[in-house]
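Number of protein chains: 2
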Amino acid sequence: MTQLFIDNIQKYFTLSEEEKETSLGLTHLKKLRKKELLLQEGEVSKCSAFVLSGCLRSYFVDTNGFEHILQFAIEDWWITDMMSITTQTAANLNIDAIQDSELLILTRENQLELFEKCPKMEKYFRIITEKGMANIQTRLLENMSLPAVQRYKNLTKKYPKIVEKVPQKLIASFLGITPEFLSKLRHQLAYE
Amino acid sequence: MTQLFIDNIQKYFTLSEEEKETSLGLTHLKKLRKKELLLQEGEVSKCSAFVLSGCLRSYFVDTNGFEHILQFAIEDWWITDMMSITTQTAANLNIDAIQDSELLILTRENQLELFEKCPKMEKYFRIITEKGMANIQTRLLENMSLPAVQRYKNLTKKYPKIVEKVPQKLIASFLGITPEFLSKLRHQLAYE
DNA sequence: CGCGACGTTGATTTGCCTCAACGATTGTGG
DNA sequence: CCACAATCGTTGAGGCAAATCAACGTCGCG
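As you go down the protein sequences, you meet chains A and B in turn. Numbering of the first sequence is given in my numbering, commencing with residue 1 and proceeding in unit increments. Numbering of the second sequence is given in my numbering, commencing with residue 1001 and proceeding in unit increments.
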């Protein structure tokens, strides 16, 4: 199961047996049942999670009580509250499980220790953070330049797995529209 | 002038004289006049730029010819097309100077060489990429959860320097609204 | 001086939201 | 394993934030 994590790193470069042990030694497994929280708004985030199975989301609850989903994380993805974990301030986000999930947890403390013991891992996180940055920039620009129907089409094309396994109202929340409006968009699309 | 760059790094840790020389040796100065391009849509981005003076922007031009600004970069900020530079594919963004500007250029090639010669610099870029990620996540969530008038207020509070020195129509394009609508918002705000 | 870019203002339109009502599906305690 | 509640997706009527289009004054600059 944890092989998924090692394989993910080895997409970028190979690790010696020692480096694998060091990396796995500083992480630990955690299971989360559907609806269980990994991080609650107001806490200081202490860890990042690598998803081995299942699905998590991070989201912001606005002053009117509406949820806005920042990220879904399925197998092979990392999830955390980047703002809280880097500045060690109270989180504005919640992170919870959409399905029963298995995670590999890396605390910030262990992550920083890992960087000292194994500089390759600093390279690994530099690379995946760059990728994450590129993706979210693309998403922001899509949100600014495309109507909702096109954003939905792009999402189903780019991440069909997510659209399949996540309830429609959460997809709406990720796209930045209401569930009612997404329902109407889907109705339209069915007639094309 | 390049001291600004060294100081920026030394916000996170001190560099030896040798490390400073290595870092500066792999960068070079460049001047850009107002409206000159650093990167044009369709090219593959070859470098990142650290702004020593002036102001740049990165933006996307949609199919209707409208510009959407992803980022402003004033002194002490980095700017690049993260998608293009990490995947070495054609850029969707343009980057140009809003004012006459002085830059420190770091090509991707030199950046990767720098990481090998000076691992601290890999740490530096890991850290500032994390920060950039946290910021853009906050911006995306603001775009989804707040009305335009509140986003404008937040921007003037968080980055007064940018709002001062950048033409109003570019601020509108950054906020994701039309110049006409921003003008109306400002009119309203003047009466509060 | 004259011209083009910028900001403003008003009238009209539209993409998406709100609210409400209703079946269908899911989950849960007895 | 059923009964009932809760959640989910759908549909429709009406409303609002922001866009569109157009006209106009101002200013910086060649």
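Every residue gets a Cβ at the ideal spot worked out from N, C-alpha and C, and that includes glycine. Note that this is a predicted model, so its numbers are computed, not measured.
query, result
"Thr14/A to Asn8/A span [Cα, whole Å]", "10 Å"
"Glu19/A: contacting residues in chain B (beta-carbon distance under 7 Å)", "Per Cβ cutoff of 7 Å: no residues; Glu19/A is ~15 Å from chain B at best."
"Nearest neighbour of His1028/B, chosen from Glu1102/B, Gln1071/B and Ile1079/B [CA to CA]", "Glu1102/B"
"Amino acids of chain B, ordered along the chain, whose beta-carbon sits closer than 7 Å to that of Ile68/A", "Here residue 68/A turns out to be His, not Ile, going by the sequence shown. Under the 7 Å cutoff, chain B gives Leu1141, Met1144 and Ser1145."
"Closest Cα partner of Leu193/A within the set Ser16/A, Tyr12/A, Ala97/A and Thr2/A", "The question about residue 193/A has no answer, for chain A in this structure spans 1 to 192."
"Lys1123/B and Glu113/A closer than 8 Å at C-beta", "no"
"Status (buried if at least 16 other CB within 10 Å, exposed otherwise) for Gln1137/B", "buried"
"Contacts of Asp1062/B in chain A (Cβ-Cβ under 9 Å)", "Leu141, Met144, Ser145 and Leu146"
"Contacts of Gln1137/B in chain A (Cβ-Cβ under 8 Å)", "Leu70, Met82, Met83 and Ile136"
"Burial state of Ser1183/B (16 or more Cβ within 10 Å)", "exposed"
"7 Å Cβ shell around Gln1003/B - same chain, five flanking residues per side excluded", "none"
"Residues of its chain near Ile1127/B, where Cβ-Cβ distance is below 7 Å and the 5 sequence neighbours each way are ignored", "Tyr1012"
"Asn963/B, DSSP secondary structure in three states", "Because residue 963/B is not part of the residues shown, which for chain B are 1001 to 1192, the question remains open."
"Whole-number beta carbon distance between Leu1141/B and Leu70/A, since they are thought to touch under 8 Å", "6 Å"
"Assumed close pair Leu52/A, Leu104/A - CB separation to whole angstroms, cut-off 8 Å", "6 Å"
"Coil, strand or helix - Lys1231/B by DSSP", "Nothing can be reported for residue 1231/B: it is not among the residues displayed for chain B, which extend from 1001 to 1192."
"For Tyr124/A, three-class secondary structure by DSSP", "helix"
"Residues near Lys30/A in its chain [Cβ-Cβ closer than 6 Å; skip 5 each side]", "Leu103 and Ile105"
"Proximal residues of chain A, C-beta to C-beta of Gln1130/B below 8 Å", "With the sequence shown as reference, residue 1130/B is identified as Glu, and Gln is not the correct amino acid for it. Chain A residues near Glu1130/B: Met82, Thr86 and Thr129."
"Neighbouring residues, chain B, relative to Phe125/A (Cβ below 7 Å)", "Arg1126"
"Touch test, the region 63-77 of chain A against the region 155-166 of chain A, Cβ-Cβ under 8 Å, three pairs minimum", "yes"
"C-alpha gap between Glu1036/B and Asp1062/B, whole angstroms", "20 Å"
"4 or more residues per run - each alpha helix (DSSP H) lying fully within the region 126-154 of chain A", "none"
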